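Listed in order, the protein sequences are those of chains W and C.
Position one of the first sequence corresponds to residue -12 (this note's numbering), numbered consecutively onward.
Position one of the second sequence corresponds to residue 2 (this note's numbering), numbered consecutively onward.
Presented below is the structure to which this report refers.
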Amino acid sequence: MSEFWIILTGSLVAVSCSLLGCYLVLRKMAMIGDAISHAVLPGIVVAFLFTRSLDSIALLIGAGAVGLGATFLIELFHKHAKLQSDAAIGITFTWLFALGVILIALYTGGDVDLDQECVLYGEIAYTPLDPLIINGVSYGPTAVWVMSGVLIVIAAFISFGYKELFLTTFDPALATALGISTAVWHYSLMGAVSITTVAAFESVGAILVVALLITPPATAYLLTDKLPHMLAISSICGILSAIGGYYLAVWIDGSIAGAMSAVAGFLFFLALLFSPSQGALTSRSRAVLPNAQNS
Amino acid sequence: MDSLVEFISLSDANVRYVALGSAILGASSAIVGCFTFLRKRSLVGDAVAHAVLPGVCLAFLMVETKNPLALIIGAFITAWLALVSIDVITSKTRIKEDAAIGLILSVFFGIGVLLLTSIQHSGMASQTGLNTFLFGKAAALVGNDVLAFGATALVLIVAVIAFFKDFSLLSFDKHFALAIGYPVRMLELLLTTLTVLAVVIGIQAVGVVLMAAMLITPAAAARSWTDRLPVMLVLAAVCGGGAGLVGAYISTVAPAMPTGPWIVMTVSAIAVVSLLIAPRRGMLARALQQRSNRLQILDENILKALFHMGEHDEQFLAARSLSAIQRQRRMLQKDLTRGLLRLRKQGYTLNAADSWSLTGEGLERGKRIVRLHRLWELYLTQYLRIAPDHVHEDAETIEHIITPELEKELEEILEYPAVDPHRRIIPQKS
């Protein structure tokens, strides 16, 4: 039974990340997603010190705000200090993450819930051990409820804002001309990524959220040209990664989150080789388009 | 305080090793990081650092001890694999570089974490301390390590000096290098090998997760201070080495603390301060320069306004009231009064109570600005065929930055004209 809960939590995390990740990959903001997932750490630690629990809404909002703040910081470095964008991203997330690790080492010494390595790869295996108990009745693991809530919010965000997200992703100039604020949608998206990262944090940790944010969407990107299909395929890849990852981890007795990203990577590798339109081994037209190397 | 003194005196042999080792690590990764920074491939360095983890774990699984040579070779192999994969993905599929980097980074790291946890759970006695690769532990450095690092750093520095010309060209103008037949692929190979080398030795003190900072941040800090590459390399090395020392100090005072985050906080602080206060390129310096530019433009516009008023009634040196000036050219009252005061201090205006007039020098300067404005308008209409009602805005900005040399050229091209597109007389130089 706990197996089911773990896989369910993993799937919820994977689908949430995959959906948002599609937009990140299409907007060429994959590394900003990476940066946010690192940057939320100090927010989580500080909020944890107040709330003493990794599941509270307050933690979600507070730490999410820090993640969003990281995007502003990156902009600040890039636009006002005239730092090149890759360095702006690199400097911001490394120092925020370092801050988070220091805070953990200083203030949560004995807490098993939050130790340095856990923040990297989480411990999804613990989720069945933390059920939501209301009036003495257990409703299943808290993590499942939190992630389900997050997934519903994300699904709502994407469906209500579908046209605007679509347009600001593929043709920002037209979007601006039509009066759609690209900035609003950009920051909303980053905010959504931030909150998802925080919510997923307990299950898969900071760094592996990135794997789920980028890899399933990249796999889907190789398999389709249509955005709705891409969203669907990456969700499916996410779920497969969660299931496959669990069993792989059980088999070699390792971190479940690590296994999930390994499986996600494997699925990407399969798509790389066998994609009908772009696979290395199966595609017919092999015109190699030179992609810009430097940003 | 005592511990600080004790640290600086380097009396304890262990402290010496840790300090020296950390400083060398910091300095060598900073030097290599400068080139990745200039090539705008900083985040690839991040991917390399993360990709090292599975290699270290695989090597450990194969030799079953923490043999440093084996671990380094393992690290090298997976780091290389990661770089090659990023290249292949970027060039052969529609996936862009940022997604390729993020993907490889996280998947390789995930595999590394999987292997690491598997090793930890297996209970192999020799595996303790393998996880110091995650966040670094400078305190674990011993004499042999320092020798190894010193040698590696020496190799790195020698390579950078020997290939300095080539790496510079590669960083600043890769296409030119290709065009003149440089073996660019080989040079890139060499540079990335050096990067991997720096990463592999750097993760001992800083750890895998934060290694990227040691490549990027010292370079960014150094860049603020200079435009010259050799100076940038030295500054970056000092910054990285200094931060390494700070990390070493922390590890002697609090051995249980991971050193990586402290080193990163140090370099980041140095970088932020540099970005703020560096002369010319720093935020403060640029803000001050922009303010100075803005005020100069404002002052010149005031002189221009006074000149225009002089053109109307043929009395260039007449005294004008503030409201009259504002009717001629709209501007905020306080901008106008402050500007007039500045101009008076510099000798361009005079006043009697609230009536202001141009001095001889003010007249000349105002005349020049108007002249440049009209010359530029004429140039735009004649040479760029822009309609006369579209040229005013452009001239309003350019008039303040045309140099005397450019002025002379304009005159020659336009054949010493007398009137502008709006049939106003172009004031001649007196």
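Glycine included, C-beta positions come from ideal geometry on N, C-alpha and C.
No experiment lies behind these values; they were computed from the predicted model shown.
query                                                                                                                          : result
Rounded separation between Cys4(W) and Gly22(C) - CA only                                                                      : 40 Å
Pro184(C) at chain W interface by Cβ criterion, 7 Å                                                                            : no
Chain C within 7 Å of Gly97(W), Cβ atoms only                                                                                  : Its pLDDT being 49, under 50, Gly97(W) is placed unreliably by the model, and the measurement read from it follows with that caveat. With 7 Å as the cut-off, Gly97(W) does not count as an interface residue toward chain C.
Secondary structure of Arg366(C), DSSP reduced to three states                                                                 : helix
Any C-beta of chain C under 7 Å from that of Ile182(W)                                                                         : no
Nearest-angstrom Cα separation, counted from Ala170(W) out to Glu394(C)                                                        : 29 Å
N- and C-terminal bounds of the beta strand (DSSP E) containing Ala76(C)                                                       : Looking at the DSSP string, Ala76(C) is not in any beta strand (DSSP E); the run it does join, the alpha helix (DSSP H), is 69 to 93.
Option in Glu189(C), Leu323(C), Ile78(C), Ser43(C) with minimal Cα separation from Ala354(C)                                   : Leu323(C)
Proximity winner among Leu44(C), Ala24(C), Leu276(C), Arg40(C), relative to Met18(W) (alpha-carbon distances)                  : Leu44(C)
Proximal residues to Gly363(C) (C-beta, below 6 Å), its chain only, five neighbours per side dropped                           : Leu304, Tyr349, Thr350
C-beta neighbour in chain W for Glu214(C), strict 7 Å                                                                          : Correcting the residue identity first, residue 214(C) is Ala in this sequence and not Glu. True, the Cβ-Cβ gap to chain W drops below 7 Å.
Close-in-space but distant-in-sequence residues of the same chain around Leu211(C) (CB under 6 Å, 5 per side omitted)          : Gly261, Val265
Interface flag, Val2(W) vs chain D, CB-CB below 7 Å                                                                            : Although the question refers to chain D, the structure presented lacks it and instead comprises the protein chains W and C.
Beta carbon proximity, Phe36(C) to chain W, threshold 7 Å                                                                      : no
Separation of Ser252(C) from Gly137(C), as counted between CA atoms                                                            : 10 Å
Inter-stretch contact at 8 Å, needing at least 3 Cβ pairs: the segment 65 to 80 of chain C / the segment 187 to 195 of chain W : no
Alpha-carbon to alpha-carbon, Ser168(W) and Ile403(C)                                                                          : 38 Å
Residues near Thr360(C) by beta carbon distance below 7 Å, same chain, minus five either side                                  : Gly348, Tyr349, Thr350, Leu351
Reduced DSSP secondary structure (H/G/I, E/B, other) of Lys15(W)                                                               : coil
Proximity test, Cβ basis, 7 Å: Ile121(W) and chain C                                                                           : no
Contact belief for Ile266(W) with Gly(-3)(W) at Cβ below 8 Å, rounded distance in angstroms                                    : A small correction: the amino acid at residue 266(W) is Gly; Ile does not occupy that position in the sequence shown. Not quite, the Cβ-Cβ distance comes to about 27 Å (not below 8 Å), so this is no contact.
Residues sharing a beta bridge with Val237(W), DSSP                                                                            : The partner list for Val237(W) (beta bridge, DSSP) is empty, contrary to what the question assumes.
Boundaries (first-last residue) of the alpha helix (DSSP H) holding Ala57(W)                                                   : 44 to 62
Buried versus exposed, by CB contacts within 10 Å (16 or more), Gly97(W)                                                       : For Gly97(W), the predicted structure reports a pLDDT of 49, less than 50, and the residue's modelled location is therefore unreliable. A value from the coordinates is still provided. Gly97(W) is exposed by the Cβ-count criterion.
For Ile23(W) and Ser181(W), believed in contact at Cβ under 8 Å, the rounded distance                                          : 5 Å
Inter-residue Cα distance where the pair is Phe177(C) and Gln71(W)                                                             : 22 Å
Any alpha helix (DSSP H) of 4 or more consecutive residues that is wholly inside the segment 160 to 210 of chain C             : 165 to 173, 175 to 180, 185 to 207
Distance, Gly51(W) Cα to Phe153(W) Cα                                                                                          : 24 Å
Pick from Ser269(C), Leu116(C), Gly248(C) that is closest to Pro219(C), judged by C-alpha positions                            : Ser269(C)
Opening and closing residue of the alpha helix (DSSP H) in which Thr133(C) lies                                                : 133 to 136
Ile158(C) versus Glu65(C), Ala199(C), Ala221(C), Gly124(C), residue with shortest Cα-Cα distance                               : Ala199(C)
With 16 other Cβ atoms within 10 Å as the buried cut-off, status of Val420(C)                                                  : exposed
Rounded separation between Ile223(W) and Pro203(W) - CA only                                                                   : 8 Å
Counterpart residues of Trp357(C) in DSSP-defined beta bridges                                                                 : Arg321(C), Asn352(C)
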